[in-house]
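Notes follow the structure.
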Amino acid sequence: MLAYRDLHPDIGYRKFTWQMVDENVAFLSESKVYDILSEHNRLQGWNRVENSGTEKEYRHKPKHVHYHWHTDIAYVKVGGVFYFLIMMLDGYSRYLLDWELMTDMLGGSVEGFVQRVKDKYPHAKPRLINDNGSQFISHDFKRLLQKLEIQQIFTRRNHPQTNGKIERLNGTVKQEALRPGQPSDFAEAWEILNKYSYEYNHQRLHAGINFLRPADMFFGRGGLVLNERREKIENARADRKSKNREEKMKTLH
Numbered sequence: 001m002l003a004y005r006d007l008h009p010d011i012g013y014r015k016f017t018w019q020m021v022d023e024n025v026a027f028l029s030e031s032k033v034y035d036i037l038s039e040h041n042r043l044q045g046w047n048r049v050e051n052s053g054t055e056k057e058y059r060h061k062p063k064h065v066h067y068h069w070h071t072d073i074a075y076v077k078v079g080g081v082f083y084f085l086i087m088m089l090d091g092y093s094r095y096l097l098d099w100e101l102m103t104d105m106l107g108g109s110v111e112g113f114v115q116r117v118k119d120k121y122p123h124a125k126p127r128l129i130n131d132n133g134s135q136f137i138s139h140d141f142k143r144l145l146q147k148l149e150i151q152q153i154f155t156r157r158n159h160p161q162t163n164g165k166i167e168r169l170n171g172t173v174k175q176e177a178l179r180p181g182q183p184s185d186f187a188e189a190w191e192i193l194n195k196y197s198y199e200y201n202h203q204r205l206h207a208g209i210n211f212l213r214p215a216d217m218f219f220g221r222g223g224l225v226l227n228e229r230r231e232k233i234e235n236a237r238a239d240r241k242s243k244n245r246e247e248k249m250k251t252l253h
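Okay, so the sequence shown: first residue is 1 according to UniProt numbering, each after it adds one.
See the structure below:
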C-alpha cells in the first residue's frame, strides 16, 4: 500500500482507498487507510475529507440521468489569448456530456453548442441550470430551449455557488488539465481538453458520487461497482481472519 502511495501522493485518503480497491491493490476500509497513512506520515497535508458539494447549491437534487444539466462559460487564457470554455454536465452522474473551446461567447455560438448536446441525447428533457449571462437570458436562447423541450432554471444573481457542480468542474479542468499541460495555442489546448474529458468521465473517481466514476453512474453501473467493492473488502477481511486463526493454531501446537 505504501509503495502505491508513492505513485499517488497527492490524492485524499478516501479517493485513495477506493482507487486501491478498484485496481486490486489493497482491500481496506477508509478508516484503516487513514490510520496507516497517518502512522507513516503519508497523509502529506491531504487528510481533509473530500467535499461532495455545498449547502448553497441549487436545492432540488436530481433524481436520475438527464434530470439536471448544468452549463457555464469559463475564460481560458492560452498563449496570451483568451478563449471561452463551455461545458454541459449531467448533475446526477457528474458525466461531462459535451464541451467546446470557443473563440467567442456570442449567443449564436452558445445556442449551437446546446443544440449539439441535445442532438446527442435526443430523448432527454432536462432542466438546464445556468447563470444570468446575456447569452442565457436572450429571447433567441429561450426560444431554442422551448423548441428542444428543455426547462430553464436560473441561478441566484451574484451567487455562482448555486451552480456549484459546473463551477467546481471549471476549477478542476484548469487545475488538473490546463495548468499542468501549459498549452501554447488553441490546438494544444483542445487536445489537452479532449484527453482530459475522457479521463474525467471514465477514470477519475468523484467524491460527490461515492467515489465512483461519472461513466459508472451515467451508464447505470454504479450499484454494481459498489457491490463489487464491498465484496472485495469482505472477502479480504475473511481471508485475514482465516490466516490469523491459522497462525494462532500454529502457536498453540
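Positions of the beta carbon are idealized from the N, C-alpha and C atoms, including for glycine.
If you follow the alpha helix (DSSP H) that residue i is part of, which residue opens it and which one closes it?
| i | result |
| --- | --- |
| Met20 | 13-22 |
| Ile166 | 164-173 |
| Phe154 | No alpha helix (DSSP H) contains Phe154, which is instead part of the beta strand (DSSP E) from 151-154. |
| Gly107 | 107-120 |
| Gly223 | 222-252 |
| Phe219 | Taken as a continuous stretch (DSSP letters only), Phe219 belongs to no alpha helix (DSSP H), as it is neither H nor E. |
| Val33 | 30-39 |
| His123 | Looking at the DSSP string, His123 is not in any alpha helix (DSSP H), and its letter there is neither H nor E. |
Using DSSP bridges, identify the partner residues of residue i.
| i | result |
| --- | --- |
| Asp90 | Trp69 |
| His206 | Leu212 |
| Leu85 | Ala74, Leu101 |
Can you tell me the Cα-Cα spacing of residue i and residue j, whole angstroms?
| i | j | result |
| --- | --- | --- |
| Ala124 | Ala215 | 17 Å |
| Asp140 | Glu199 | 34 Å |
| Leu193 | Gln182 | 11 Å |
| Leu148 | Lys118 | 7 Å |
| Gly220 | Lys250 | 47 Å |
| Gly91 | Val21 | 26 Å |
| Glu231 | Arg14 | 18 Å |
| Glu246 | Ile233 | 20 Å |
| Arg204 | Val114 | 25 Å |
| Met87 | Glu228 | 32 Å |
| Lys174 | Asn244 | 48 Å |
| Ser38 | Leu101 | 42 Å |
| Ser52 | Trp69 | In this prediction, Ser52 has a pLDDT of 44, which is less than 50 and means its spatial position is unreliable; nothing more can be read from the coordinates. |
| Glu188 | Ser242 | 54 Å |
| Phe16 | Arg94 | 19 Å |
| Gly108 | Arg156 | 24 Å |
| Ala42 | Pro9 | The displayed chain sequence assigns Arg, not Ala, to residue 42. Distance between the alpha carbons of Arg42 and Pro9: 8 Å. |
| Arg240 | Leu252 | 19 Å |
| Ile166 | Trp99 | 12 Å |
| Arg179 | Ile150 | 34 Å |
Nearest by alpha-carbon distance to residue i: which of the options is it?
| i | options | result |
| --- | --- | --- |
| Leu2 | Asp119, Val25, Arg14 | Val25 |
| Pro29 | Ala236, His202, Ile150, Gly79 | What sits at residue 29 in the sequence shown is Ser, not Pro. Checking every option, the nearest Cα to that of Ser29 belongs to Ala236. |
| Arg168 | Lys77, Ala207, Arg221, Lys147 | Ala207 |
| His40 | Arg5, Trp69, Met88, Trp99 | Arg5 |
| Asn132 | Ile153, Val114, Arg143, Tyr34 | Ile153 |
| Trp18 | Val33, Asp10, Glu111 | Val33 |
| Pro126 | Leu145, Met217, Ile73 | Leu145 |
| Lys63 | Glu176, Arg143, Phe218 | Phe218 |
| Ile129 | Ile73, Glu176, Val78, Gly79 | Ile73 |
| Leu97 | His66, Tyr75, Phe136, Tyr83 | His66 |
| Leu89 | Glu191, Asn210, Tyr121, Arg143 | Tyr121 |
| Asn170 | Ile36, Leu7, Leu85 | Leu85 |
Over the uninterrupted beta strand (DSSP E) stretch that includes residue i, give me the two end residues.
| i | result |
| --- | --- |
| Leu178 | Neither: Leu178 is in no beta strand (DSSP E) and is coded neither H nor E. |
| Glu100 | 96-102 |
| Trp128 | What sits at residue 128 in the sequence shown is Leu, not Trp. Per DSSP, Leu128 belongs to the beta strand (DSSP E) from 127-130. |
For a cutoff of 8 Å on Cβ pairs, would you count residue i as touching chain B?
| i | result |
| --- | --- |
| Glu199 | Among the chains in the structure shown there is no chain B, since it carries only a single protein chain. |
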